[in-house]
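Position 181, counted from 1, in the sequence shown is what the UniProt record's numbering calls 181; the numbers after and before it change by one each time, with no gaps.
Ideal placement from N, C-alpha and C gives every residue a C-beta, glycine not left out.
Written below as structure tokens is the structure these notes are about.
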Amino acid sequence: MNIIKQASYNQNNFTIESREHVFKGFIQVEKVSLRYRLFNQEQYSRTLARELIQRKEVAGVLLYSPTQQKIGLIEQFRIGAIDDVDSAWQLEVIAGVLDGQESPESCIRRESLEESGCEIDQLQHLFTFYPSAGACSEIFHLYAAATQLPEHGGIFGLEEEGENIQLHLIDYTDIPALLTNGRLKNAPVIMALQWLQMQINTMKNV
Numbered sequence: 001m002n003i004i005k006q007a008s009y010n011q012n013n014f015t016i017e018s019r020e021h022v023f024k025g026f027i028q029v030e031k032v033s034l035r036y037r038l039f040n041q042e043q044y045s046r047t048l049a050r051e052l053i054q055r056k057e058v059a060g061v062l063l064y065s066p067t068q069q070k071i072g073l074i075e076q077f078r079i080g081a082i083d084d085v086d087s088a089w090q091l092e093v094i095a096g097v098l099d100g101q102e103s104p105e106s107c108i109r110r111e112s113l114e115e116s117g118c119e120i121d122q123l124q125h126l127f128t129f130y131p132s133a134g135a136c137s138e139i140f141h142l143y144a145a146a147t148q149l150p151e152h153g154g155i156f157g158l159e160e161e162g163e164n165i166q167l168h169l170i171d172y173t174d175i176p177a178l179l180t181n182g183r184l185k186n187a188p189v190i191m192a193l194q195w196l197q198m199q200i201n202t203m204k205n206v
């Protein structure tokens, strides 16, 4: 099997002709004009105009407890899901934006306390990826952490940041249904739970 390990082209194979900010807020939006090299050719594309959403790096973590056989997911209102036919309140892993030069690990430990009250010791890196590279520069660092979960869920978040977050504790046995019933609609939580399900299945077969 041929596994692609290297990109066909690199930063030298596109040309930015212009870029300008059209909006600056919590996120920033740029209008970029560029040309890029076509596959298997020396020539470049025609000039294309694209909107680029600039967003800071994000780190997230799946909290799980092998002893309690439970996971911790949070639920909160999300503006990006306001047109969702089911609900704008999404189930997610704990996550937050990196603050300045903060490391992903530091961000996760801070966000875990704010959004669940849980302290984290060891972190396991799962993936680093672009959630929506077609339009957004955001990079997401996804981790998992085995920890002691509280006995019950609760309400968390920083009021000054408009956060109202509910922590849900979910049994391992409910993970397969959660992955197939349509409740999960964002990539990081699906990826993290698929990873954990693989670990659980591997332990069962040992």
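Through-space distance from residue j to residue i, alpha-carbon basis
i           : j    : result
G117        : N186 : 23 Å
Q197        : A81  : 26 Å
residue 207 : I155 : The structure shown has nothing for residue 207, since the chain only spans 1 to 206.
A7          : Y130 : 15 Å
E159        : A133 : 31 Å
D86         : A177 : 17 Å
I74         : R110 : 15 Å
S33         : K70  : 48 Å
Whole-number beta carbon distance between residue j and residue i, since they are thought to touch under 8 Å
i           : j    : result
E20         : K31  : 5 Å
residue 207 : G60  : With the chain covering 1 to 206 only, the question about residue 207 has no answer from this structure.
E138        : R55  : 4 Å
Q76         : N164 : 7 Å
Nearest neighbour of residue i, chosen from the options [CA to CA]
i    : options              : result
F127 : I190, Q41, I4, T47   : I190
E92  : S8, W195, H168       : H168
T147 : G25, E111, S65       : S65
N201 : C136, Q41, T173      : T173
E105 : E57, R37, R35        : E57
E119 : L149, Q101, G96, Q68 : L149
Y9   : E42, G182, V85       : E42
I108 : F23, I53, N13, L63   : L63
Residue i, buried or exposed, once every other Cβ within 10 Å from all chains shown has been counted against 16
i    : result
S103 : exposed
R46  : exposed
Y143 : buried
G25  : exposed
I27  : exposed
Fill in: Contained beta strand (DSSP E) runs [length at least 3] in the stretch 16-79, N- to C-terminal order
28-36, 48-54, 58-65, 70-77
Discussion item. Quick check for students: name the residue ranges of the alpha helix (DSSP H) that lie wholly in the UniProt domain "Nudix hydrolase" (54-192), counting only runs of 4 or more.
Written reply: 104-116, 175-180
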